[in-house]
Amino acid sequence: MNEIGLSEILVVSTVLFFTGVYGFLTRKNMITMLMAIELILNSVNINFVAFNKFLYADKLDGLFFTVFIITIAAAEAAVAIAIIIHLYRKLKSIDVDDADIMKF
Amino acid sequence: MSASTVIFYIIASVIIGGGILAVTSRKIFRAAVFLLFSLIGIASLYFYLNYEFLAAVQIVVYVGGIVVLIIFSIFLTHASGDEMKKPVLWRAVFSALAAAFATALTLLYINEHNFTATANATVAPTVKNIGLQMLSTTQHGYILPFEVVSMLLLAALIGCIVIAIKIKTKE
Amino acid sequence: MLNQNYIALIPLLPIITFLIIGLIGRRYFPKFSGILGTLSLLTSFIISAFVAYQYFFEVGKVDGVYQKIIAMKYVWLQFSPNISIDMGILLDPISVMMIVIVTFISLMVHIYSLGYMHGEPRFATYYAFLSLFTFSMLGLVLSTNIFQIYIFWELVGVSSFLLIGYYYEKPSAVAASKKAFIVTRFADLGFLIGILVLSYFTETLDFQTLIQRLTTEGTYLNSIISVSFLGASALTWGLLLVFMGGAGKSAMFPFHIWLPDAMEGPTPVSALIHAATMVVAGVYLVARLFPVFSMSCPAALNVVAYIGIFSSMFAAIIACTQTDIKRVLAYSTMSQIGFMMFALGVSSYSGEAGVGFMASMFHLFTHSIFKALLFLGAGAVIHYVHSNEMKDMGGLRKLMPITHITFLLACLAIAGIPPFAGFFSKEEILTACWNSNKIIFGAAVITAGLTAFYMFRLYFAIFWNKEYKSHNHDSLEHHHGEAPGTMLFPLIILAALSVVAGFVPFSKLVTADGIGFGTEFHLGFAIGPVLLATCAIALAYYMYAKESLVPQKVADSLKGLYTAAYRKFYFDEIYLFITKKIIFNLIGRPAAWIDKNIFDGFMNLLASVTESISNLIKSFQSGKVQEYAIYFFAGTLGFVLLFIYLWT
Chain V
1 MNEIGLSEIL
11 VVSTVLFFTG
21 VYGFLTRKNM
31 ITMLMAIELI
41 LNSVNINFVA
51 FNKFLYADKL
61 DGLFFTVFII
71 TIAAAEAAVA
81 IAIIIHLYRK
91 LKSIDVDDAD
101 IMKF
Chain P
1 MSASTVIFYI
11 IASVIIGGGI
21 LAVTSRKIFR
31 AAVFLLFSLI
41 GIASLYFYLN
51 YEFLAAVQIV
61 VYVGGIVVLI
71 IFSIFLTHAS
81 GDEMKKPVLW
91 RAVFSALAAA
101 FATALTLLYI
111 NEHNFTATAN
121 ATVAPTVKNI
131 GLQMLSTTQH
141 GYILPFEVVS
151 MLLLAALIGC
161 IVIAIKIKTK
171 E
Chain C
1 MLNQNYIALI
11 PLLPIITFLI
21 IGLIGRRYFP
31 KFSGILGTLS
41 LLTSFIISAF
51 VAYQYFFEVG
61 KVDGVYQKII
71 AMKYVWLQFS
81 PNISIDMGIL
91 LDPISVMMIV
101 IVTFISLMVH
111 IYSLGYMHGE
121 PRFATYYAFL
131 SLFTFSMLGL
141 VLSTNIFQIY
151 IFWELVGVSS
161 FLLIGYYYEK
171 PSAVAASKKA
181 FIVTRFADLG
191 FLIGILVLSY
201 FTETLDFQTL
211 IQRLTTEGTY
221 LNSIISVSFL
231 GASALTWGLL
241 LVFMGGAGKS
251 AMFPFHIWLP
261 DAMEGPTPVS
271 ALIHAATMVV
281 AGVYLVARLF
291 PVFSMSCPAA
301 LNVVAYIGIF
311 SSMFAAIIAC
321 TQTDIKRVLA
331 YSTMSQIGFM
341 MFALGVSSYS
351 GEAGVGFMAS
361 MFHLFTHSIF
371 KALLFLGAGA
381 VIHYVHSNEM
391 KDMGGLRKLM
401 PITHITFLLA
411 CLAIAGIPPF
421 AGFFSKEEIL
431 TACWNSNKII
441 FGAAVITAGL
451 TAFYMFRLYF
461 AIFWNKEYKS
471 HNHDSLEHHH
481 GEAPGTMLFP
491 LIILAALSVV
501 AGFVPFSKLV
511 TADGIGFGTE
521 FHLGFAIGPV
531 LLATCAIALA
541 YYMYAKESLV
551 PQKVADSLKG
561 LYTAAYRKFY
571 FDEIYLFITK
581 KIIFNLIGRP
591 AAWIDKNIFD
601 GFMNLLASVT
611 ESISNLIKSF
621 QSGKVQEYAI
631 YFFAGTLGFV
641 LLFIYLWT
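Here the protein sequences come in this chain order: V, P and C. Just so you know, we're using my numbering here: the first sequence kicks off at 1 and counts up by one. Just so you know, we're using my numbering here: the second sequence kicks off at 1 and counts up by one. Just so you know, we're using my numbering here: the third sequence kicks off at 1 and counts up by one.
Here you go:
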């Protein structure tokens, strides 16, 4: 593991992050948009862990941040899915473009 | 090229490949499964970096919790085998270009930047160390965020019930 | 004795009554409000009578001169060490006389209204307004300070406005109240400027100091005389502007147009405000400043005299042609106030030469009694006939005997037939004119004759002429007959007073300089005017006592004059022309155009620009989450580029 340093892992997380952004911008289905958000959050987690591991090995703060992000991501996913189900009951669709009733 | 390097590249390709397929697949159920692969890949990356506890959390929460939740919601709202609509072309192209451009920009700066590691003694990310610091009330303890996040989870729990509950209307 | 606080009760009781009735009474005891108002005013009257007795017979006279007594004085608003607006009570012969008149007439009107206004839906409101008016009028006459008088002056105007517009369902009443308010308010503008001019030069607002500084040689008098504008000194201008305010309230030419219309108010109100008390406020104001007028500025006093005689004659001519009985009385009021004005105008300050001042106050006193009586009698007639027009009346003498007798007495009094009240005061006025200005004397005698004529025209048209036909087709038994006791009682009291009021030795009591003098009665001098008045009455008898064609023939032979007088010499039309055609069209409309097109246009431009911009950017808010995300992402990327490459 000599060759694998911080920058390789950051490349992975960067690519994963923008993959998530791409998905968020193109997907019409709300559940798949939620998946894209999970990807983005995970890429951030990877960053935290990698920085903790390679730059600040004397602390555990990056790890704690990751733990809390995972917790919040779980809560967020649960709430999002509750909203999606509620919208589905109301609109019979989970297409994000159909949920535009709150515009001017 | 050592075995470790090879393993890393395998893990990286699973993560990125799973991610890309998860956001491009036209079948929603498959997308969920690719997401699952990507998340497992991330868990194995944590193993690779010797963060066993985190890897376990990743698997338990993401793989065992969120992905299952997503699959359930797919079942509740969809005919899971249906092909999804194609994304609008101009938007797909624009998003792909923007994402690629941003990726390139970020990578450029990662390449240029000099990261300097700390010289202090390392702290092993063992479960014991994590647990002690997490519940510590001293200066670097995480007890307060821990309690706050528990409140957040409770609020999310109640919120989900309130939002998703089916109110019987008189008909 | 006289500087005791109970004097303050005279004006304070009515205002307290106003507050009680206005705030509580209207809702909780509307029926009782009339009694309450009357009782409080009765108390006020008793106190004023007591004060008058004290003043005239016990403490007022020191060494044969009636003193000006400041019974009470509070500094209300201090502008500078010298100038302050005070609230106080000033007692001198004229103010003491005025409080007696005001409380007495107001008491009579209060009693009368118990019957006249019985059953009105806004009975309590009416009494509240009456109390407000009485308070304001008392405050006005007791003022120690020229600004205090101005404040009460405006309060009187407001209560007059409220009472004229009492029947606010009637458009004509609304128009009349507005007209009265605007016309008098316009005149009051002059009053205010006059106050400012006078107080600027004298550096005081206090009446006594002001009069003292303007009548004695010194720096103040020199400074105000040395400044001149358009050929007249600042003193003349100040006094004329103050007189303009007085002319507005007293309905002198050219501000007379509001008074006839003010008859839209309830008749007791006309009796109280527009005949006996408020309209003499102008006379009172001139009398209050009389030393200044007569000693320092005879020119202004001449203006007062000529405007007085002109208004008097002018109104008398109009009164001969009007058919609405209240309007006849209104013009007669204007004419009589003209008498008071020119009596002041021809007077000198002291001694025997001051007979004009005394006569004016005397006439004010007697006039308020018999004019109130005339209005209240007319009110009783209107109450009976339900019409103001002469043609609906006639032959009422058998149906309303008491009203008839009292009305006749009042007519004799105003016509100047001895020994009724008007005779004495009018004789004094004529004497004063004879002594100083023969032209005014001639006009005054003619006007006196006209007065007798139109009053008896009115009298015969109401009580004689044709037989009374009830136009409601009710038989006369069903009709309510003579007015109720509450209305007859004031009539009788006032009638009795109009017989005896002339014997009050006024020249001993009320004079300009406070020193009484005796007047001997010139029998030979009195014969002429009395004979003229008798002839006028005979003429009226000939023309109007029986239903005949004579009046019509006379009217036809004097066609132009008759029509002009009937149309009030077209003054309403002239004013309308000036306001509508000239002021509205030349000033109002361009101003409105500028306001509408330039100011509003600018605002509208701002609004429409904002609206179109917001319409443009409204489309960004599409409701599509992903579009927002794209903007957000692109924006973030843009900022990243900006900060990395362009910021350095």
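From the three backbone atoms N, C-alpha and C, an ideal C-beta is built for every residue, glycine too. Keep in mind it's a predicted model, so treat the numbers as computed, not measured.
Here the alpha carbons of Asn111/P and Ala98/P stand approximately 20 Å from one another.
Taking every protein chain shown into account, the CB of His113/P has fewer than 16 other CB atoms within 10 angstroms, so this residue is exposed. DSSP lists Asn29/V as the bridge partner or partners of Asp95/V. Residue contact check for Ser622/C against chain V: a CB pair falls below 8 Å. Val51/C and Gly356/C have their C-alpha atoms roughly 26 Å apart. For a Cβ distance threshold of 7 Å, residue set Leu25 of chain V lies close to Ile630/C, ordered along the chain. The alpha carbon of Ile70/C has as its nearest neighbour, out of Asn82/C, Ala461/C, Val96/C and Ala49/C, the alpha carbon of Val96/C. When the alpha-carbon of Leu54/P is set against those of Ile40/V, Tyr56/V, Ile69/V and Phe54/V, the nearest one is in Ile69/V. With a contact defined as Cβ atoms closer than 8 Å, Pro551/C and Ala448/C miss out at about 21 Å. Annotated as distal: Leu140/C and Gly190/C, with beta-carbon spacing of 8 Å or more. Contact with chain V is absent for Gly64/P, since none of that chain's Cβ atoms lies less than 8 Å from the residue's Cβ.
Taking the CA atoms as reference points, Ile318/C sits about 12 Å from Thr333/C. For Ala359/C against Ser425/C, the beta-carbon gap comes to about 6 Å, under 8 Å, which counts as contact.
About 10 Å separates the Cβ atoms of Gly248/C and Leu285/C, ruling out a contact at the 8 Å cut-off.
Interface annotation for the stretch 29–47 of chain P against chain V: Ala31, Ala32, Leu35, Ser38, Leu39, Ile42, Leu45 and Tyr46, criterion Cβ-Cβ distance under 8 Å.
The way I'd put it, the stretch 114–128 of chain C does touch the stretch 482–491 of chain C; three or more beta-carbon pairs between them come closer than 8 Å. Contact note: Phe633/C reaches chain V through Val21, Phe24 and Leu25, using a C-beta cutoff of 9 Å and chain order. Rounded to whole angstroms, Gly338/C and Gly422/C show a C-alpha spacing of 15 Å. Against chain P, the CB of Leu606/C has no partner CB under 8 Å away; the residue lies outside that interface. In terms of CA proximity to Ala432/C, Ala343/C leads the group Ala343/C, Ile20/C, Gln212/C and Ala305/C. In this structure, Phe64/V places its C-beta atom within 8 Å of the C-beta atom of Met134/P. Ranked by Cα distance from Asn388/C, the options Met361/C, Ile405/C, Lys371/C and Ala330/C are led by Ala330/C.
When secondary structure is reduced to three states using DSSP, Asp206/C falls in the strand class. In the three-state reduction of the DSSP assignment, Gln58/P falls in the helix class, which pools H, G and I. It is roughly 21 Å from the alpha-carbon of Ile35/C to the alpha-carbon of Met137/C. Rounded to whole angstroms, the Cβ separation of Ala413/C and Phe370/C is 4 Å, and the two are in contact under 8 Å.
What Ala22/P touches in chain C, judged by beta-carbon distance under 8 Å, is nothing: the nearest beta carbon there is about 17 Å away.
Within the same chain, and ignoring the five residues on either side of Met30/V in sequence, the residues whose Cβ sits closer than 7 Å to its Cβ are Ile84, Ile94 and Val96.
Among the residues facing chain V, Met134/P is included, as its CB has a counterpart in that chain under 8 Å away. Under a 10 Å Cβ-count criterion, Val554/C is classified as exposed, with fewer than 16 other Cβ atoms of the shown protein chains found around its own Cβ. Comparing C-alpha distances from Phe72/P to each of Glu76/V, Val21/V, Thr26/V and Ile81/V shows the shortest one belongs to Ile81/V. Along the stretch 37–57 of chain V, going in chain order, the ones with a CB nearer than 9 Å to a CB of chain P are Glu38, Leu39, Asn42, Ser43, Asn45, Ile46, Val49, Ala50, Phe51, Asn52, Lys53, Phe54, Leu55, Tyr56 and Ala57. Inter-residue distance for Gly18/P and Leu35/P is about 6 Å (C-alpha atoms, whole angstroms). By a beta-carbon distance limit of 8 Å, Ile211/C contacts Val292/C. Their separation comes to about 6 Å. In its chain, beyond the 5 residues on either side, Tyr126 have a beta carbon closer than 7 Å to the beta carbon of Glu120/C.
Less than 8 Å separates the beta-carbon of Ala78/V from that of Leu69/P.
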